[in-house]
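Taking it in order: structure first as structure tokens, then the write-up.
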Amino acid sequence: MSAVRLPDRERDTIHIIGQGLAGSMLALLLMEADYKVHVHDDEYQTSSSVVAAGMWNPLSFVNLKLSWMGHEMVSSLEAIYPRFEKLLGASFFHPMPLARIFPDAGSTNLWEERCDNPSLKPFMSDDSISDIDSNFLQPHGHGVVQHCGWLDIPTFLYAARKYFEAHTCYSAHAVSIGEQQHWLDQGDWVIQCTGWKKLSDDFGVDLPLIANKGQVYTLEIPGLDERYMSNFGRFTIPLGNNLFRVGSTYEHRPLDPLPSPAAQQILEDVLQTVKHPYDVRELKAGYRPTTIDRFPIVGLNQRHERLGIFTGFGSRGVIAVPWCASHFVEHLTQGSPLLPEVNWQRFQWRKKMG
Ligand SMILES: Cc1cc2nc3c(=O)[nH]c(=O)nc-3n(C[C@H](O)[C@H](O)[C@H](O)COP(=O)(O)OP(=O)(O)OC[C@H]3O[C@@H](n4cnc5c(N)ncnc54)[C@H](O)[C@@H]3O)c2cc1C
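Below you can see the structure in the form of structure tokens.
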């Protein structure tokens, strides 16, 4: 048995700071396990979750491999999001296949080779999509990825917020370091789920959280097939009524929420590959909370055992948050060990001086 202190269901409140995808998921899982939570959010309109396209896909197209913990993460999300759709009375989970349009002959060959790999088989289909030629230019063909889809994150967040409000456990305000300290002093717990915005430096190390700017369009593309998502270096996600989310950019500068010229390249790529004309309906920009090793940052502080952190989901929040939140809830409530890949303590070598 672990000697660490665990939250007490009757006595302790777990304050979740940030109601993005990470904070909402953690709060809902803790409430489901009968813990008292209180969620706080500053309702910043360009948070990563509000802007995100919402796609999940367990394959990495760089080397055509399953992403880290791909099997576990897909099983977790396929169980949790539909369960929360029922709980919250809202529809936001949209599983759908993804057509990977190969950029060159090498990618086609690699796909054929990997189709026989037993661990990839559930995710790669030999089937081809009928009529795809009238929608996309695809001289090297395409493959179909299974167990993917898109999450309507704003609908999920709105429904979760209504649920927290109905349980009188939601406050709209920016939490200060002083408030966090006050909750800790009175014996409560605090989990920082603040995305790219670090609330404090309490962990005694320089946690390498990096804001990465992304832009995503909503385009109206009449005639484009709405049965599947596509990836041709850019992605298209059918939202219904001829609307498609199309993106996205990865920018280190400038860090402002304004559209930048990098977004124009998305439209040029669409023109080259999609065989239907489009109209621009919207362009949104936000910041992904990324880390230097591309793994999330999870865990409890050593200096203050009731202070935790849950962030760093980069461009993979939709697939990674349900599994990581379940993993963290087990750690918090049962004292089970965290995987070293996600544990913030892997950054101990970045100790702060003084
Ligand atoms: C353009 C773009 C496209 C993306 N596309 C995808 C995609 O297709 N698939 C995918 O999986 N991921 C995608 N992402 C990434 C995804 O958005 C993130 O992984 C995920 O949403 C991060 O969620 P989070 O809750 O950790 O952070 P956030 O969404 O940033 O949430 C943090 C919350 O904390 C609040 N907050 C911060 N400080 C305080 C404070 N002091 N007090 C109170 N509240 C505070 C913020 O306002 C915010 O509401 C995309 C991101 C961008 C920018």
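Residues 424 to 777 in this note's numbering are what the sequence shown spells out, letter by letter.
Positions of the beta carbon are idealized from the N, C-alpha and C atoms, including for glycine.
Assigned exposure category for residue i - 16 Cβ within 10 Å defines buried
i    : result
K774 : exposed
S447 : buried
R657 : buried
A670 : Sequence check: residue 670 is Gly here, not Ala. Buried: at least 16 other Cβ atoms inside 10 Å.
M424 : Residue placement at M424 is poorly supported in this model, since its pLDDT is 42, which falls under 50; the coordinates are not used for a value here.
L449 : buried
K459 : buried
R711 : buried
V703 : exposed
D464 : buried
S759 : exposed
V765 : buried
G777 : Unreliable placement is indicated for G777, whose pLDDT of 48 sits below 50; no coordinate value is reported for it.
N532 : exposed
T659 : buried
R599 : Here the sequence assigns Ser to residue 599, which means Arg is not the residue at that position. By the 10 Å Cβ count, S599 comes out exposed.
R650 : exposed
P661 : buried
N480 : buried
G601 : exposed
S514 : exposed
Beta-ladder partner(s) of residue i, from DSSP
i    : result
S548 : V567
E705 : T641
Y710 : K636
Y593 : V462
D517 : First, the residue type needs correcting, since residue 517 is His and not Asp in the sequence shown. According to DSSP, which records beta bridges pairwise, H517 is partnered with W573.
F718 : Partner(s): none; F718 has no beta bridge.
S653 : A522, T659
F667 : L642, P661
H438 : H461, V613
V628 : K774
F732 : A quick correction: the sequence has Ile, not Phe, at residue 732. BP columns for I732 point to Q615, G722.
L449 : Beta-bridge pairing links L449 to no other residue.
K488 : S483
Residue i, DSSP secondary structure in three states
i    : result
P763 : coil
K585 : helix
Y673 : coil
S542 : coil
D556 : helix
V693 : helix
S599 : coil
Y504 : helix
W612 : strand
L662 : strand
L482 : strand
G777 : Unreliable placement is indicated for G777, whose pLDDT of 48 sits below 50; the coordinate value is still reported in the next sentence. DSSP places G777 in coil when its eight states are reduced to three.
L429 : coil
M424 : Low confidence applies to M424: its pLDDT is 42, below 50, so where it sits in the model is not reliable, and the reading given next is rough at best. Here M424 sits in coil by DSSP.
P684 : coil
K509 : helix
I739 : Going by the sequence as given, residue 739 is Arg instead of Ile. DSSP places R739 in coil when its eight states are reduced to three.
A475 : coil
Q468 : coil
L607 : helix
Q403 : No answer is possible for residue 403: it lies beyond the span of the chain, which begins at 424 and ends at 777.
H754 : helix
S530 : helix
G493 : helix
P745 : helix
L622 : coil
L647 : coil
Cβ pair residue i, residue j closer than 9 Å
i    : j    : result
A708 : G637 : yes
L521 : N635 : no
N664 : G646 : no
P745 : T734 : no
G740 : S483 : no
W375 : R668 : The requested residue 375 does not occur in the structure, where the chain is confined to residues 424 to 777.
N486 : V697 : no
Q615 : I742 : no
H461 : S594 : yes
M652 : M496 : no
F546 : Q569 : yes
N724 : D625 : yes
L543 : K585 : no
I576 : H565 : no
S738 : S499 : no
D554 : V567 : no
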